[in-house]
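Q: In full-length UniProt numbering, the protein residues as written are 1 to 610.
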Amino acid sequence: MSRRHPKEQLEDSSDEGSFANFDQDDDISMSDSENDSDTQRHDAAILDKDSDEEDLERLVLGSKATWRDQLFRDDFLPDVTDSNALVVGGGNEGTGKEHLADSMLFAIDTSKPTENDEALVPAYQPSEHTNTQEPPAWEDSDDERLTVSLATASRLRKLRTFEGEDVVNGVEYSERLRQQYLRLYPLPEWAKPAASKRRRRRSSTAASDSNSDLSGSDLSADENDDDGEVDSSPLPLDAFLRSASSFAPTSNSQKRRKLRPETIDIQRTRDIPDAHSKSSGVSCLTFHPTLPILLSTSVSSLMYLHSIDPAAYPTSNPLLTSVQVKRTDLRRAAFASPDEVIFAGRRKYLHSWNLTTGNVKKITKIQGHQKEHKSMERFRVSADGRHMAIAASDKKGGGMVNIVNVNTMQWIAQARIDGRGGVADFQWWSDGNGLTIAGKDGQVAEWSLVTRRTVGVWRDEGSVGGTVMVLGGRNGPQELGGDRWVAVGNTSGILNVYDRGELLAKGKGQGKGEGVEVKKLPTPTRTFEQLITAISVAQFSPDGQLLAFGSVHKKDAMRLVHLPSCTVYRNWPTEQTPLGRITAVAFSAQSDVLAVGNDVGKVRLWEIRG
1 MSRRHPKEQL EDSSDEGSFA NFDQDDDISM SDSENDSDTQ RHDAAILDKD
51 SDEEDLERLV LGSKATWRDQ LFRDDFLPDV TDSNALVVGG GNEGTGKEHL
101 ADSMLFAIDT SKPTENDEAL VPAYQPSEHT NTQEPPAWED SDDERLTVSL
151 ATASRLRKLR TFEGEDVVNG VEYSERLRQQ YLRLYPLPEW AKPAASKRRR
201 RRSSTAASDS NSDLSGSDLS ADENDDDGEV DSSPLPLDAF LRSASSFAPT
251 SNSQKRRKLR PETIDIQRTR DIPDAHSKSS GVSCLTFHPT LPILLSTSVS
301 SLMYLHSIDP AAYPTSNPLL TSVQVKRTDL RRAAFASPDE VIFAGRRKYL
351 HSWNLTTGNV KKITKIQGHQ KEHKSMERFR VSADGRHMAI AASDKKGGGM
401 VNIVNVNTMQ WIAQARIDGR GGVADFQWWS DGNGLTIAGK DGQVAEWSLV
451 TRRTVGVWRD EGSVGGTVMV LGGRNGPQEL GGDRWVAVGN TSGILNVYDR
501 GELLAKGKGQ GKGEGVEVKK LPTPTRTFEQ LITAISVAQF SPDGQLLAFG
551 SVHKKDAMRL VHLPSCTVYR NWPTEQTPLG RITAVAFSAQ SDVLAVGNDV
601 GKVRLWEIRG
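1) For the stretch 369-386 against the stretch 347-358, are there 3 or more C-beta pairs whose distance is under 8 Å?
2) According to the Cβ coordinates, are Trp458 and Lys519 closer than 8 Å?
3) Which class does Asp213 belong to by DSSP, given the choice of helix, strand or coil?
4) So, for Lys554: in the same chain, excluding its five sequence neighbours on each side, which residues have a beta-carbon less than 8 Å away from its beta-carbon?
5) Please report the straight-line C-alpha distance between His306 and Ser322, rounded to a whole angstrom.
6) Taking only the alpha-carbon atoms, compute the straight-line gap between Asn496 and Asp460 and give it to the nearest angstrom.
7) May I have the straight-line CA-CA distance separating Thr356 from Trp411, to the nearest angstrom?
8) Quick check on Ile608: does DSSP put it in helix, strand or coil?
9) Which residue comes first and which comes last in the alpha helix (DSSP H) that contains residue 627?
10) What are the boundary residues of the alpha helix (DSSP H) that Gly164 is part of?
11) If you follow the beta strand (DSSP E) that Leu503 is in, where does it begin and where does it stop?
12) Rounded C-beta distance between Ser463 and Val488? I'm assuming under 8 Å.
13) With DSSP collapsed to three states, give me the class of Leu285.
14) Rounded to a whole number of angstroms, what is the C-alpha to C-alpha distance between Gly501 and Leu563?
15) Just verifying my parser: in three-state terms, what is the DSSP assignment at Asp143?
16) Is the Cβ of Leu305 closer than 8 Å to any Cβ of chain B?
17) To the nearest angstrom, report how far apart Pro314 and Asp271 are at their CA atoms.
18) Kindly give me the distance between the Cβ atoms of Asn402 and Glu372, rounded to whole angstroms, as I take these residues to be in contact under 8 Å.
19) Exposed or buried, Glu446, counting other C-beta atoms within 10 Å across all chains shown (16 or more means buried)?
20) Where do the N-terminal and C-terminal ends of the beta strand (DSSP E) with Ser337 fall, by residue?
21) Thinking Ser536 and Val552 are a contact (beta carbons under 8 Å), I'd like their distance in whole angstroms, please.
22) Tell me which residue opens and which closes the beta strand (DSSP E) that Ile403 is part of.
23) Measure the alpha-carbon distance for Ile608 versus Ala595 and round it to whole angstroms.
24) Rounded to the nearest angstrom, how far is the Cβ of Arg331 from that of Ser283, given a contact under 8 Å?
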């Protein structure tokens, strides 16, 4: 009779629905050896697993011998500060270098290895280009055979070195693009070689020795009272300007190539880094007559002098110095001479700043006429720097302009224009011997300083209210100062440009306003109606080839005109040109840089190339 395990008997009996009767005597008499054998067979049946189940157990728990060690492995990690507990490699196996000292396990590549140190030389060997400039990572042999036309595409014309250049190969084209990029975005400090850093550090140290008090500091002109009295004068700039080798004097007589009409090659360059107050805006912009220096003012009592150098490092167009006159809203500033600046606000006084000595002088009154100047902000300095014209506050049925000697500040003469509203704007003739005065009612008067009388009066066509008036150009009638063009803007957004040679009805050649007859109703050479708000700014370039005009009453309201064709450039400005509300415009002495100030205090620069 075969015997089965009791559990198997229970399972069989449950299937039949009844319990089987066990032979109790047989179970009691069963030997212990047979019981152990049955238990082993039971365990073997339970542990009989397939290969997939065994692989899963080994991945999760490890082997039977090591799974418990793996489970509690992190509880027995040695302390990182215990150097004896740290071993290299796994288990108790040695590395074969236990007998070596610690100093022999490391090698510093500072010199060529000796014969005794051959075993200690690292596997990495530095290449021959480690300490020199690395070669290009990739070179294309087709670059030398590639040809690119720089004159065909308008956006590539700025890469030309001269006007007649056209086709270049791929290698030269890549180099021109790289130079243009570095011109706009100078190489950062961390990317420059150490040798160039040392040379630059030595040159900056030598320059700082001569003018350590001027470099990188703002100069302020403080006051004692509400009338703008100056306590401390700004430091002189004469030594700084002489030591700055980057300042190359420019000459207005240098011949500039002629610009083309309709399209202009103009490129935006680096802006002035120091912005005026957002609430005040830029009130005046003017360039130095001989040096690449820009003077800017605002009604927040600040005046800046910046060097125009977009490639300067680390700051483009760096700040030379600044002046602050408290409680004086600076609205106009001008170079009376290369070393003197005159600036004023809506006050009964003005200031003169001598760049050579650094002295700031306050001028509170003018000998001869004191009651007519409640504000001295509206002044103009002649081109020769000898005289200054100041618009009087009293209208008396028209407007008056007083002529003052710049050196003595003594009254010399007075020019007057009759009409309603007074004086809208006035400009000196290019030779400094007369004034052109525009009234707010549209009348324009030509006044001669030689004869000290009005030469003639003419009326701006279609004007219902004059706003601005500027003179410019060369080779004009000598009887009217030598300026060829005069532009008059009004409140309707219309700008009329007149040829001053056409203003003369007849001239007897006696010069300087003598024997001159001016037409009463001249016809403008060109009328510009591109803007719909009042003209607020207008400026001719020094060479007379460009005219910029705009309006502060509308965003991006500005146009650039080519002369003598009197055509508006159609490719600039565009809708993407960041102009803002324009408050001031200025051209450099070489007519190659255009500066535009807006109502948020920013000054943006554009380079005019052709």
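Quick reminder that beta carbons are idealized off the backbone N, C-alpha and C, glycines included. Every value quoted in this text rests on a predicted model; they were computed, and no experiment measured them.
A: By the coordinates alone:
1) yes
2) Yes. Within cutoff.
3) Model confidence at Asp213 stands at a pLDDT of 38, short of 50, so the residue's coordinates are unreliable and nothing is read from them.
4) Leu531, Ile532, Thr533 and Arg581
5) 9 Å
6) 8 Å
7) 26 Å
8) strand
9) Residue 627 lies beyond the stretch modelled for the chain, which goes from 1 to 610, so this question has no answer here.
10) Counting along the chain, Gly164 falls outside any alpha helix (DSSP H), and DSSP gives it neither H nor E.
11) Here Leu503 belongs to no beta strand (DSSP E); instead the alpha helix (DSSP H) covers Arg500 to Leu503.
12) The Cβ separation is near 7 Å, so the contact holds.
13) Residue state, collapsed to three classes: strand.
14) 15 Å
15) Correct three-state label for Asp143: helix.
16) In summary, chain B is missing from the structure at hand, where a single protein chain is found.
17) 14 Å
18) 7 Å
19) Under this definition Glu446 is a buried residue.
20) Where Ser337 is concerned, the enclosing beta strand (DSSP E) stretches over Leu330 to Ser337.
21) 4 Å
22) In the DSSP assignment, Ile403 falls within the unbroken beta strand (DSSP E) covering Gly398 to Asn405.
23) 11 Å
24) Sure, about 5 Å apart at Cβ, within 8 Å.
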